[in-house]
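In my numbering, the protein residues as written are 84 to 305.
This is the structure we're talking about:
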């Protein structure tokens, strides 16, 4: 699930704008709730379901505001969201039910993910790789790759710690909050176009997710 999430998540940037990708991630709470039920969690309360529906509605409004919809890109993104939910719930089970330490869980998950991502890269990316261009640029950009690797390790450690100390819901809340910054960064740094329709939809998604997170605290699921 981790490898598929990485492959699909990175592939979406070939089809959709960064801002629109982050807006679509607002549907993650709905998918996560559905996957939790499939894994044996209790059905959510009506108030929780209403908040999640509002999140989905906001995401739909934001999607309708996208000028250039790419069906392949949207399908890839939805697949990424689904497998991300599966990954998070399985990670929560490893850290909670199996009582694994954060580094111990990462020790088991990371190598397996790396093998499957490498296999996908060999099949899809390597045949199209311009080795001459790579050899020319790598000496000038190796430090960027190293920094990305270190940041990726730090993000995984932080995510596992949040899941272990709290739950998947808190992690998604932090993720949604971060998405707002990424949306505006895409507009400011890359001049990506985000319409008022999209902003309205994303605002509904963000507010509804905050309400849902509060309900998780004051009305815990039975």
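Here a beta-carbon is modelled for each residue, glycine too, at the ideal position from N, C-alpha and C.
- Going by beta carbons, residue 179 and residue 138 fall outside the 9 Å limit.
- By the C-beta criterion, the segment 169-176 is judged to be in contact with the segment 118-125, since at least 3 inter-stretch pairs fall below 8 Å.
- Judged by DSSP secondary structure, residue 170 falls within the alpha helix (DSSP H) whose first and last residues are 154-179.
- Ranked by Cα distance from residue 98, the first of 301, 277, 155, 181 is 155.
- In the same chain as residue 113, and ignoring 5 residues on each side of it, the C-beta atoms closer than 7 Å to its own belong to 135, 138, 139, in chain order.
- Annotation: the continuous alpha helix (DSSP H) that includes residue 284 extends over 279-301.
- A distance below 9 Å separates the beta carbons of residue 200 and residue 89.
- Residue 185 sits close to residue 240, with the two beta carbons spaced by under 9 Å.
- The distance from the Cβ of residue 242 to that of residue 233 is about 15 Å, inconsistent with a contact at the 8 Å cut-off.
- DSSP places residue 126 in the coil class of the three-state scheme, outside both helix and strand.
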